[in-house]
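>
Residue numbers (our numbering): 1 to 522.
Below, the structure is given as structure tokens:
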């Protein structure tokens, strides 16, 4: 008995040693993050960064097929390494070979333009869910457009890697990819004649604070309510989780009973409680779905989000720029182009002028244009009153592309609809001045302008008569003898028709700064 136990113990110890050696050997192998893999696109002509893991202090030989040279680099004491190299000019395919205790080869690499595509459900919404999906999918034969989708994840601290892989764009790979991302990339590909790399990292229903780094949230006292809500939710989470499981069990029982009786399920399934691991947690998505992409060199980012922050639109005036800065600061590429989509028209049409949280969110987005290298696609004309996810994603992608074609790639195109610049009061009228008139202002349907309202000292808005005079719009109303403020398309779902001759719609705006419905929302 004693002898057998000793023999068994020796076998066990030997087995553990072998397992430990195997694990150590596995960890020692050169390993790359998911974003550095076959089929990727490198930002053409830029200084790009390769990085990964190996054995502590391991020496690694680096060969890139576009340079007749070999570099020798060394991992640090933790096994991490990073290597900058100038990417090739437009073209490919290229490959990268890394040699250490193992050899890693990255194949079928192209050099072109790389864009991050992020936001909530309208960015996540797939090509197969967009308008004319069958035709769009069948025509998506673009092997020089490469797609990478970051698998959804939440993290309490910044992660070094994510799950996902690069694939060539084809009718087989495009259906589940971001529709806005794809249509944006397709426009760039056609207009620039360059390979395009698109990185889709999005999650429906999520607020901007989830995509912002924690240090940036913590340093601004105005975001304390966001952090306090989360801390309180974490403290209450164990009890909330028990209740969630109880409610879910009850719902499952009721649903099973309803099914046997041929009846519909009893309402919606219970929602998971807010707390650790929830996609709304501050910095949770930044940590898991943005941080792992850094320091992959990109040309810019496109963003479609805001619906989940509409109830806190005044806060978004600070929160959204803070989120953008957190990306810029941590990416280490300076203020790369950051384009965003203004919220579309949605919900019921109102008969009278009034306040609107969605209008205030659009205003906060427009205010963000004061930041360098930002751009905005206005889509107030292609929403759906009954669907928060309008299917026309083709025009969304195209309008985003117009802005960057003009401002990033120096193409001579009209890239924005009219943007309000200033007002002047003339008697019983208000004269509105605009930038981006695009050859002239027009009423899209060829009749009278719609969507303008004015108010006097009583701050009560009424619909206004509006007419185009050159590059201005003159508004007035017989019911307001002394107008002091004007608004345009100031509603959840406004009826409005001011465009420029290039066919791009004017952005909603107001000339007043009177407190709105979300001014105290935190």
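Don't be surprised by glycine CBs; every beta carbon is placed ideally from N, CA and C.
In chain order, what residues of the same chain have a beta carbon less than 8 angstroms from the beta carbon of residue 429, not counting five sequence neighbours either side?
Your numbering for residue 429 matches position 429 in the chain shown. For residue 429, where only same-chain residues beyond five positions count, the Cβ hits under 8 angstroms are 474, 475, 476, 483.
> Comparing C-alpha positions only, which one of 520, 401, 129, 110 sits nearest to residue 389?
As a first step, residue 389 must be located in the chain shown, where it is residue number 389. Its Cα nearest to that of residue 389, the residue 129 stands out among 520, 401, 129, 110.
> Could you give the DSSP three-state label for residue 276: helix, strand or coil?
By one-based count along the chain shown, residue 276 stands at place 276. Coil.
> At what residues does the alpha helix (DSSP H) containing residue 316 begin and finish?
Counting from one through the chain shown, the residue named residue 316 turns up at place 316. Here the alpha helix (DSSP H) through residue 316 covers 313–331.
> Can you name, in chain order, every residue of its own chain whose Cβ lies under 7 angstroms from the Cβ of residue 87, other than the five neighbours on each side?
Position 87 of the chain shown holds residue 87. Excluding sequence neighbours, residue 87 sits near 42, 43, 44, 45, 46, 48, 111.
> Tell me the residue span of the alpha helix (DSSP H) that contains residue 254.
In the chain shown, residue 254 corresponds to position 254, counting from 1. 224–260 is the span of the alpha helix (DSSP H), which, as asked, contains residue 254.
> In whole angstroms, what separates the C-alpha of residue 446 from that of residue 365?
Within the chain shown, the letter at position 446 stands for residue 446. Within the chain shown, the letter at position 365 stands for residue 365. For residue 446 and residue 365, the gap between their C-alpha atoms comes out near 29 angstroms.
> With DSSP run on the structure shown, which of helix, strand or coil describes residue 389?
The residue labelled residue 389 in the question sits at position 389 within the chain shown. Reduced to three states, the DSSP call for residue 389 is coil.
> Name the two residues that bound the continuous alpha helix (DSSP H) containing residue 72.
Translated into the one-based positions of the chain shown, residue 72 becomes position 72. First-last for residue 72: 70–74, but that is the beta strand (DSSP E), not the alpha helix (DSSP H).
> With DSSP collapsed to three states, give me the class of residue 505.
As a first step, residue 505 is located in the chain shown; it is residue number 505 there, counting from the start. Looking at residue 505 - three-state DSSP - the assignment turns out to be strand.
> Among the residues of its own chain, which have a CB less than 6 angstroms from the CB of residue 96, if the five just before and after it don't count?
What you label residue 96 is simply residue 96 of the chain shown in a count that begins at 1. Closer than 6 angstroms at the Cβ level, and outside the excluded window around residue 96, lie 64, 106.
> Can you give me the Cβ contacts of residue 519 inside the same chain, cut-off strictly under 8 angstroms, excluding the 5 residues immediately before and after it?
For the purposes of this step, residue 519 is taken as the residue at position 519 of the chain shown. Counting only Cβ-Cβ distances below 8 angstroms, and skipping sequence neighbours, we find 314.
> When the distance is taken between beta carbons, is residue 58 closer than 8 angstroms to residue 101?
Looking up residue 101 in the chain shown gives position 101. Looking up residue 58 in the chain shown gives position 58. Yes, Cβ-Cβ distance for residue 101 and residue 58 is below 8 angstroms.
> Check for me: the beta strand (DSSP E) holding residue 201 runs from which residue to which?
Here residue 201 refers to the residue found at position 201 when the chain shown is read from its first residue. Run containing residue 201: 196–202, per the beta strand (DSSP E) assignment.
> Taking DSSP as the reference, what is the three-state secondary structure of residue 434?
As a working mapping, residue 434 is identified with position 434 in the chain shown. Note: residue 434 maps to strand in three-state DSSP.
> Count the other C-beta atoms from every protein chain shown that fall within 10 angstroms of the C-beta of residue 317, then say buried if there are 16 or more, exposed otherwise.
One-based indexing of the chain shown puts residue 317 at position 317. When all chains shown are included, residue 317 counts as buried.
> For residue 133 and residue 92, what's the separation of their Cα atoms in angstroms?
Taking the first residue of the chain shown as 1, we reach residue 133 at position 133. Taking the first residue of the chain shown as 1, we reach residue 92 at position 92. Between residue 133 and residue 92, the C-alpha separation is close to 30 angstroms.
> If the criterion is Cβ atoms closer than 8 angstroms, does the pair residue 165 and residue 292 meet it?
For the purposes of this step, residue 165 is taken as residue 165 along the chain shown, with counting starting at 1. For the purposes of this step, residue 292 is taken as residue 292 along the chain shown, with counting starting at 1. At a Cβ-Cβ threshold of 8 angstroms, residue 165 and residue 292 do not count as neighbours.
> Thinking C-alpha only, which one of 330, 500, 202 is nearest residue 437?
Within the chain shown, numbered from 1, the residue matching residue 437 stands at position 437. Of 330, 500, 202, the residue nearest in Cα terms is 500.
> Among 384, 321, 360, 276, whose alpha-carbon lies nearest the alpha-carbon of residue 373?
Here residue 373 refers to the residue found at position 373 of the chain shown. Cα-wise, what sits closest to residue 373 is 321.
> On a Cα-Cα basis, can you pick out the residue from 135, 113, 71, 302 that is closest to residue 144?
Walking along the chain shown from the start, residue 144 turns up at place 144. Here the closest residue by C-alpha is 113.
> Tell me which residues share the same chain as residue 161 and place their Cβ nearer than 7 angstroms to its Cβ, disregarding the 5 neighbours each side in the sequence.
As a working note, residue 161 is residue 161 in the chain shown. 33, 34, 292, listed in sequence order.
> Can you give the Cα-Cα distance for residue 245 and residue 234, rounded to whole angstroms?
The count along the chain shown starts at 1 and reaches residue 245 at position 245. The count along the chain shown starts at 1 and reaches residue 234 at position 234. When rounded, the distance between both Cα atoms is 17 angstroms.
> Classify residue 239 as buried or exposed, calling it buried when 16 or more other Cβ atoms lie within 10 Å of its own Cβ.
Reading the chain shown from its first residue, position 239 is the one you call residue 239. With a threshold of 16 other beta carbon atoms within 10 Å, residue 239 falls short and is exposed.
> Are the segment 193–203 and the segment 259–275 in contact at 8 angstroms, needing three or more beta carbon pairs?
no
> Could you round the C-beta distance between residue 393 and residue 179 to whole angstroms and report it? I think they count as a contact, below 8 angstroms.
One-based indexing of the chain shown puts residue 393 at position 393. One-based indexing of the chain shown puts residue 179 at position 179. Right, their Cβ atoms sit about 4 angstroms apart.
> Going by DSSP, which residues form a beta bridge with residue 169?
Residue mapping note: residue 169 aligns to position 169 of the chain shown, counting from 1. Note: residue 169 sits in a beta bridge opposite 142.
> Provide the residue(s) that pair with residue 375 in DSSP beta bridges, ordered along the chain.
Within the chain shown, the letter at position 375 stands for residue 375. According to DSSP, which records beta bridges pairwise, residue 375 is partnered with 339.
> Within 10 Å of its beta-carbon, does residue 416 have 16 or more other beta-carbons around it, so buried, or fewer, so exposed?
One-based indexing of the chain shown puts residue 416 at position 416. Buried, since its Cβ has 16 or more Cβ neighbours within 10 Å.
> Can you tell which of 36, 67, 69, 40 has its C-alpha closest to the C-alpha of residue 53?
Taking the chain shown and counting its residues from 1, one reaches residue 53 at position 53. Measuring from the Cα of residue 53, the nearest candidate turns out to be 36.
> Counting only the same chain and skipping the five closest in sequence on each side, list residues whose C-beta sits under 8 angstroms from that of residue 439.
For the purposes of this step, residue 439 is taken as residue 439 along the chain shown, with counting starting at 1. A distance below 8 angstroms between beta-carbons, with the five flanking residues on each side excluded, links residue 439 to the following residues of its chain, in chain order: 414, 500, 501, 502.
> Could you round the C-beta distance between residue 352 and residue 376 to whole angstroms and report it? I think they count as a contact, below 8 angstroms.
The residue given as residue 352 occupies position 352 in the chain shown. The residue given as residue 376 occupies position 376 in the chain shown. At roughly 28 angstroms, the Cβ-Cβ gap does not stay under 8 angstroms, so residue 352 and residue 376 are not in contact.
> Do residue 189 and residue 142 count as a contact pair if the criterion is CB distance below 8 angstroms?
Your numbering for residue 142 matches position 142 in the chain shown. Your numbering for residue 189 matches position 189 in the chain shown. It is a contact, given that the beta carbons lie within the stated cut-off.
> Is DSSP giving residue 461 helix, strand or coil here?
Your numbering for residue 461 matches position 461 in the chain shown. The answer is coil: DSSP assigns residue 461 none of H, G, I, E or B.
> Could you check whether residue 186 and residue 168 sit closer than 8 angstroms to each other, using their CB atoms as the reference points?
As a working note, residue 168 is residue 168 in the chain shown. As a working note, residue 186 is residue 186 in the chain shown. In this structure, residue 186 does not lie closer than 8 angstroms to residue 168 by Cβ.
> Compute the distance between the beta-carbons of residue 378 and residue 507, then report whether it is under 8 angstroms.
Reading the chain shown from its first residue, position 378 is the one you call residue 378. Reading the chain shown from its first residue, position 507 is the one you call residue 507. Yes. Within cutoff.
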